[in-house]
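A.B. asks: I'd like to ask some things about the structure below.
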Amino acid sequence: MNVPPAVLLVLGVAACGAALALAGFAWAAATGQLDPSNAGALTIFDDGDDTPRQGARR
Amino acid sequence: MIFIRLWMFFAGVLAVLFLGWVGLVGAPGVQLAALPAQTGLRPYTYQQEHGRQIYIREGCVYCHTQQTRPPGFGGDQGRRWGRPSVPGDYVFDQPHLLGTSRTGPDLLNIGARQPSAEWHYAHLFNPRAVVPQSIMPRFPWLFELKAAADPGEPVVDAPAEFRPGGGVITPTREGVDLVEYLRGMDRTYPVKP
Amino acid sequence: MTSITKELETVEFRERLDAESAIPVLVFLASGVLWLLVGSALGIIASIKLHAPDWLATIPQLTFGRVRPAHLDVVAYGWASLAGVGCLIWLTSRLCKTPIRQRGALIASAALWNLGVLYGTGAVLFGYSQGVEWLEYPLPAAAIIAVAFLLFAWSILSTFHARQAEHLYVSLWYVIASVVWFPILFVVANLPIYSGVEHAAVNWWYGHNALAIWFTPIGLALAYYMIPKVIGRPIYSYYLSLLGFWSFALFYNWNGIHHLVGGPVPTWLQTISIIASVLMVIPVMAVAVNHHMTTIGHFKLLRTSPTLRFTVFGAMCYTAVSFQGSAEALRNTQEVVHFTHYTVGHAHLGVYAFLSMILFGSMYYIIPRVTAWDWPRPGAIRLHFWLAALGISLYFLALTIGGWLQGMAMNNPAEPFVNVVAGTRGWLILRSIGGSMMGLGHLVFAFLFFEMLWRAGPRRGASPWEDAK
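Read top to bottom, the protein sequences are chains A, B and C.
When you line the first sequence up against the working numbering, it's residues 1 to 58, in that order.
When you line the second sequence up against the working numbering, it's residues 1001 to 1193, in that order.
When you line the third sequence up against the working numbering, it's residues 2001 to 2469, in that order.
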């Protein structure tokens, strides 16, 4: 079977990309840069805009 | 936080777009550029190229494809729409007109299937005169109503209701060139490996 | 906690931010709503022509092959983009906790953008299309839109640069990424240097990416904000949203060539796009879990909040359209549905039922906050919702069933082609009915919108909504 060079190129690039992404993720997790708590999700609630608790529901 | 360092976010964002481009555009570009034109394929004549512009202008591509699928994939072969098309069949196409919709039949080999100019004129003037259940638009602005045809000029076989006060209907230059383009659509030559 | 963060958390500060974005936001939203009306009219005309081909048949500008692309371009570059930009301006200012920057550039952007859409659409109708799906606009029109986009991106990135928020909320990742991605994509795809099969590859790299890196991020950014905000409950799993974002960015980019399955492009290329389309299940699951798990248990609120009603409908349709898309990309499915009306149904499930519904929902939230006035006529809002929701449902079902049958018939060579054509007629009529319902809904919405601008409603705070609880 002859594999077109472009296939090798794509697979190569994709493999490098995936490897890089994985390494990045592992590194970020290892150095505590990913915050597994849900704290970030709360940041949109600090502006006093009405939420059901404050009455108006829109 | 995404990553603590913001430049990493931007680098990642640019990298994914670039990777996608490499895979879907760059790499096939390299591979396709190496493929020669098919030997049976002739460049469009000036007239055909003009007809092609009319095809683009009227949006035929939104109802007609120009790509034939291989055996075992859809009904193209059974319908005798032509052998599976290959990249070398399209080297003179700019823009490409592969299409995504088959509200009407594939037209890659319409010239071989329907060589009659008269048929095309009658069909483009009013598809329902030829195929009663057709939903293809008519294109009356590619034709004109005249008292009499010039010598050698084709006359459209149109019912009297389209010719109030008599006279004949003949294709304009745009109509003639469009049909020349359609009649030239023929990729039935054998594929060079 | 420092005093500066304290100040950023006051109601007055937030109201100041909203007020400062008011003019650019309203200019973009109003343009979007006007294009929505134009786009709906074009869509309905195109739809009717498929079952009544002799209607308006002698006007060249209104032939199907021109109206159909004009419809797509107007709703994509006019409605969805302009309304999306309006919403993103407001959202960015809020999430960055700083007033929107470069407001002059934004006004110029809106003016240019409208000019580009007007010019481009006029060109398509009058016969100067480039002839490439999604890229019909002639180069000068595309160039105008590119400049308009860069002005908008400049404003967003300056605001981002000046941000006072310590945390970058998930919506902001999508916004920032898409303002970086889209101009590059748009310019590269418009370069007049491609031909043949390579052009087809560029065409669908662009066509699918327009959804992947511009329209979908708009919808997701807004949904990630609106759903938790209105319910008053944080996103279910913030960690998951991170996974969702990066897997989305990695895989969605590679989807385009599933539009050419079975065609003359290299097989490995089709395969790669099919694989990537299936991998989309990962980001979609992440987003789905986050949106739906946040909503669950609060469905009662859909009755009182139009924002939530539209946005949750849109978020559900995002899940649906994405799973459908992954299944649709498979070779076996493509063999049947590729060239049929089924695909058109799928496209509308995405751009309408997902994106447009979220845009409507967000506009119901944003406009009262930037104008400090409230919506009049809760009944009309409900009418808008039901016309849109039932209209798109009918539209989608008709084309999904009709398109599938069309594909099955087309793949059977013993079935004469005219029978395939005739078999779609009833479904196309149903589609016209669904489309007209959506169009009616848009008229109701536009009426409400312009009433809002004339301040026909109650002053904010003295709203009938509070009493209606």
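Using N, Cα and C, we set each Cβ at its ideal position, and we do this for glycine too.
All values reported here derive from a predicted model rather than from experimental measurement.
Anyone know if the C-beta pair for G1020 (chain B) and E1180 (chain B) falls short of 8 Å?
C.D. replies: no
A.B. asks: Quick check on A41 (chain A) - is its C-beta less than 8 Å from some C-beta in chain B?
C.D. replies: Interface flag for A41 (chain A) against chain B is unset, since no Cβ pair is found closer than 8 Å.
A.B. asks: Would you report the Cα separation of G2122 (chain C) and P2138 (chain C), rounded to the nearest angstrom?
C.D. replies: Looking at the backbone, the Cα of G2122 (chain C) and that of P2138 (chain C) are separated by about 10 Å.
A.B. asks: For the stretch 2408–2416 of chain C against the stretch 2368–2378 of chain C, are there 3 or more C-beta pairs whose distance is under 8 Å?
C.D. replies: no
A.B. asks: I1169 (chain B) lies in the alpha helix (DSSP H); which residues open and close that run?
C.D. replies: According to the DSSP assignment, I1169 (chain B) belongs to no alpha helix (DSSP H) but to the beta strand (DSSP E) extending over 1168–1171.
A.B. asks: May I ask you to list, following chain order, the residues of the stretch 2003–2037 of chain C that have a beta carbon less than 7 Å from some beta carbon of chain A?
C.D. replies: Those residues of the stretch 2003–2037 of chain C that come within reach of chain A (Cβ to Cβ, closer than 7 Å) are E2009, T2010, V2011, R2014.
A.B. asks: Straight-line CA distance for Q1133 (chain B) to A2052 (chain C)?
C.D. replies: Spanning the alpha carbons of Q1133 (chain B) and A2052 (chain C) requires a straight line of approximately 11 Å.
A.B. asks: Relative to the C-alpha of L2330 (chain C), which candidate in C:H2442, C:L2279, C:I2367 has its C-alpha closest?
C.D. replies: C:L2279
A.B. asks: Quick one: any contact between the stretch 2426–2444 of chain C and the stretch 2387–2401 of chain C, if contact means 3 or more CB pairs under 8 Å?
C.D. replies: yes
A.B. asks: Is the CB of H2051 (chain C) under 8 Å away from at least one CB in chain B?
C.D. replies: yes
A.B. asks: Among B:L1006, B:V1016, B:Y1090, B:I1135, which has the Cα closest to the Cα of L1041 (chain B)?
C.D. replies: B:Y1090
A.B. asks: Can you pull the chain C residues whose beta carbon is under 9 Å from the beta carbon of L34 (chain A), in chain order?
C.D. replies: Y2239, L2242
A.B. asks: Please identify the residue among C:V2180, C:V2351, C:H2341, C:H2442 whose C-alpha is closest to the C-alpha of R2431 (chain C).
C.D. replies: C:H2341
A.B. asks: For F2354 (chain C), report the span of its beta strand (DSSP E) as first-last.
C.D. replies: Neither: F2354 (chain C) is in no beta strand (DSSP E) and is coded neither H nor E.
A.B. asks: Comparing C-alpha positions only, which one of C:L2220, C:L2250, C:R2233 sits nearest to T2319 (chain C)?
C.D. replies: C:L2220
A.B. asks: Shorter than 8 Å from the beta carbon of A19 (chain A) to some beta carbon of chain B?
C.D. replies: no
A.B. asks: Going by the DSSP bridge assignment, what does K1146 (chain B) pair with across the sheet?
C.D. replies: B:V1168
A.B. asks: Is W1081 (chain B) helix, strand or coil when you go by DSSP?
C.D. replies: coil
A.B. asks: Where V2370 (chain C) and V1176 (chain B) are concerned, what is the direct C-alpha to C-alpha distance, given to the nearest angstrom?
C.D. replies: In a straight line, the C-alpha of V2370 (chain C) is about 58 Å away from that of V1176 (chain B).
A.B. asks: How many angstroms separate the CA atom of V2147 (chain C) from the CA atom of I2156 (chain C)?
C.D. replies: 14 Å
A.B. asks: 8 Å is my cut-off, CB to CB: does V2180 (chain C) come that close to chain B?
C.D. replies: For V2180 (chain C), the answer is yes, since a Cβ of chain B falls inside 8 Å of its Cβ.
A.B. asks: In chain order, which continuous runs of the alpha helix (DSSP H) of length 4 or greater are located wholly inside the stretch 2020–2106 of chain C?
C.D. replies: 2064–2073, 2081–2096
A.B. asks: Kindly indicate if chain C contains any beta-carbon less than 8 Å away from that of L1187 (chain B).
C.D. replies: Residue identity differs from the one stated: residue 1187 (chain B) is Arg in this sequence, not Leu. So no, R1187 (chain B) is outside the interface.
A.B. asks: Got a sec? Which residues, its chain only, sit under 7 Å from E1174 (chain B) by beta carbon, not counting five neighbours each side?
C.D. replies: I1054, L1142
A.B. asks: With 8 Å set as the bound, which would you pick, yes or no: does the beta-carbon of I2227 (chain C) sit closer than that to a beta-carbon of chain A?
C.D. replies: no
A.B. asks: Decide yes or no for the touch test of the stretch 2249–2264 of chain C against the stretch 2295–2313 of chain C: beta carbon pairs closer than 8 Å, at least 3 of them.
C.D. replies: no
A.B. asks: With C-beta atoms as the reference, is R2068 (chain C) less than 8 Å away from Y1062 (chain B)?
C.D. replies: yes
A.B. asks: For R1102 (chain B), decide whether its Cβ has a neighbour in chain C, counting only Cβ atoms nearer than 8 Å.
C.D. replies: yes
A.B. asks: Along the chain, where does the alpha helix (DSSP H) containing W2205 (chain C) start, and where does it finish?
C.D. replies: 2196–2210
A.B. asks: When you compare the CB of V13 (chain A) with every CB in chain C, is at least one pair closer than 8 Å?
C.D. replies: Output row for V13 (chain A): interface = no.
A.B. asks: Taking the DSSP output, what are the residues bridged to R1069 (chain B)?
C.D. replies: None; R1069 (chain B) has no bridge partner.
A.B. asks: Can you tell which of C:L2112, C:V2321, C:I2100 has its C-alpha closest to the C-alpha of A2212 (chain C)?
C.D. replies: With distances taken between CA atoms, A2212 (chain C) lies nearest to C:V2321 out of C:L2112, C:V2321, C:I2100.
A.B. asks: Looking only at C-alpha atoms, which of C:V2179, C:F2149, C:C2317, C:I2044 sits nearest to A2347 (chain C)?
C.D. replies: C:C2317
A.B. asks: Does the distance from the C-beta atom of P1095 (chain B) to that of G2345 (chain C) stay below 8 Å?
C.D. replies: no
A.B. asks: With H, G and I counted as helix, E and B as strand and the rest as coil, what does DSSP make of W2246 (chain C)?
C.D. replies: helix
A.B. asks: Would L2269 (chain C) be called buried (16 or more neighbouring beta carbons within 10 Å of its own) or exposed?
C.D. replies: Per the 10 Å Cβ criterion, buried.
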